[in-house]
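The numbering used here puts the first residue of the sequence shown at 7, with every later residue one more than the last.
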Amino acid sequence: MSSVKRGLGLGLVKKVIMFIDGTVKILMGINWRIPLRFRTWKVMLAIGIPVFIGVVVVVGIELTSSPEFCSSCHNMKPYYENWETSSHNEVNCIKCHSDPGLVPYLKTKANGLIEAAIYLSGKFPTSYQTEVSDESCLREGCHSQEKLKEEKVDFEKGISFEHETHFETLKGQFRLRCTSCHSQIVQDEHISVATSTCFSCHFKKEEPNEGIAECTLCHSALAEMTEVKFNHEPIVKAGMNCLNCHKEPIKGEGEVDQEKCLFCHSEPDRLERINETSFLHLKHTSENKVECFQCHRQIRHAGEEWPL
Numbered sequence: 007m008s009s010v011k012r013g014l015g016l017g018l019v020k021k022v023i024m025f026i027d028g029t030v031k032i033l034m035g036i037n038w039r040i041p042l043r044f045r046t047w048k049v050m051l052a053i054g055i056p057v058f059i060g061v062v063v064v065v066g067i068e069l070t071s072s073p074e075f076c077s078s079c080h081n082m083k084p085y086y087e088n089w090e091t092s093s094h095n096e097v098n099c100i101k102c103h104s105d106p107g108l109v110p111y112l113k114t115k116a117n118g119l120i121e122a123a124i125y126l127s128g129k130f131p132t133s134y135q136t137e138v139s140d141e142s143c144l145r146e147g148c149h150s151q152e153k154l155k156e157e158k159v160d161f162e163k164g165i166s167f168e169h170e171t172h173f174e175t176l177k178g179q180f181r182l183r184c185t186s187c188h189s190q191i192v193q194d195e196h197i198s199v200a201t202s203t204c205f206s207c208h209f210k211k212e213e214p215n216e217g218i219a220e221c222t223l224c225h226s227a228l229a230e231m232t233e234v235k236f237n238h239e240p241i242v243k244a245g246m247n248c249l250n251c252h253k254e255p256i257k258g259e260g261e262v263d264q265e266k267c268l269f270c271h272s273e274p275d276r277l278e279r280i281n282e283t284s285f286l287h288l289k290h291t292s293e294n295k296v297e298c299f300q301c302h303r304q305i306r307h308a309g310e311e312w313p314l
């Protein structure tokens, strides 16, 4: 029985070889003849090479999607270590750093090949400016925008935060992205929020305890901000101004030194609109992930670096 099966198998192989041979003759217009022993290898190569390439591609895509692969470049190690200690350490790099969908995924992979080539050439930058789009953060199975709008976050001691107001267009007519606030990648943090980012918006060109710098927008009346416990509720109900007790709660004005612009922009035409703040925030904050203090001087707030 086995000899019959072997005979049928060889017969099928011969038919495949004859088909390929005939097809090549028609396409090339050449009356050639390949010895049978070479024809068998021809079929094996015709089938084996595409299969081998397919396996390499699939394994390569899977391998290069792992955070461990990203950390294999030594200048990526700080970012890997920050990710490893973050709340996102169960999420692969590619999940955040690529938009949803096949085309963005393939584009990210292609960019990765280019970056790998640059790294191997030895001409890589010492630091990287990367992007995480809102679409990646709000994709199915990750964060829900509707759920974020409903929840109030306890940010720090007695400080509450609402995502809903920050999803809207804010002062200066610019729209915040997720990474406008979630951009911290130092001090063992990854995609966390630094309070200095909050200060740059809430205190820039604002009088203390007025407008978006109003204390109760963030601080609750019962907040215990220091080691001394004090019930603020009756003071707030009496209408007493916070500044009567809390002197100089804000230090710094978040100015931008024009010399900083030259670190990134050397072309004169790029600097023509240097005083158009709405345009600058649109390009740097809404369309690209540029951290506030890459441009602005830092604003400090009482309670963060010195006692109230």
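A virtual CB, placed ideally from N, CA and C, is assigned to each residue, including glycine.
- Message: Could you give the first and the last residue of the continuous beta strand (DSSP E) run that contains E162?
- Response: If you look at E162, you'll find it in the beta strand (DSSP E) that goes K158 to E162.
- Query: Three or more beta-carbon pairs under 8 Å between the stretch 292-310 and the stretch 200-211, yes or no?
  - Reply: The stretch 292-310, when compared against the stretch 200-211, does touch it at the 8 Å Cβ threshold.
- Task: Could you pull out every unbroken alpha helix (DSSP H) segment of at least 4 residues lying fully inside the stretch 49-83, listed in chain order?
- Result: If we require 4 residues or more, the alpha helix (DSSP H) runs fully inside the stretch 49-83 come out as 73-76.
- Message: What does DSSP give as the partner residue(s) for I165 in the beta ladder?
- Response: Bridge partners of I165: E162 and H225.
- Under 8 Å between C-beta atoms of H188 and I197: A contact, by the Cβ cut-off of 8 Å.
- Give the range of the alpha helix (DSSP H) segment to which Q264 is assigned. Here the alpha helix (DSSP H) through Q264 covers Q264 to C270.
- Message: As a quick exercise: from E259, P73, S186 and E239, pick the residue whose alpha carbon is nearest that of T291.
- Response: Residue S186 is the option with its Cα nearest to T291.
- Just curious, the alpha helix (DSSP H) that F299 is in, first and last residue? Per DSSP, F299 lies in no alpha helix (DSSP H) and is assigned neither H nor E.
- Return the residue from the list L119, K253 and T91 that minimises the CA-CA distance to F75. In terms of CA proximity to F75, L119 leads the group L119, K253 and T91.
- Task: Taking only beta-carbon positions, decide if K210 is within less than 8 Å of chain B.
- Result: Here chain B cannot be found, since the structure has a single protein chain.
- Query: Is P214 buried or exposed, if buried means 16 or more other CB atoms sit within 10 Å of its CB?
  - Reply: P214 is buried by the Cβ-count criterion.
- Select from L182, C148, C248 and K210 the residue whose C-alpha is nearest the C-alpha of T222. The alpha carbon of T222 has as its nearest neighbour, out of L182, C148, C248 and K210, the alpha carbon of C248.
- Rounded distance between the beta-carbons of S72 and N98, thought under 8 Å: 6 Å between Cβ atoms; contact.
- Query: Does the distance from the C-beta atom of S92 to that of Y86 stay below 8 Å?
  - Reply: Taking C-beta atoms as the reference points, S92 and Y86 fail to come closer than 8 Å.
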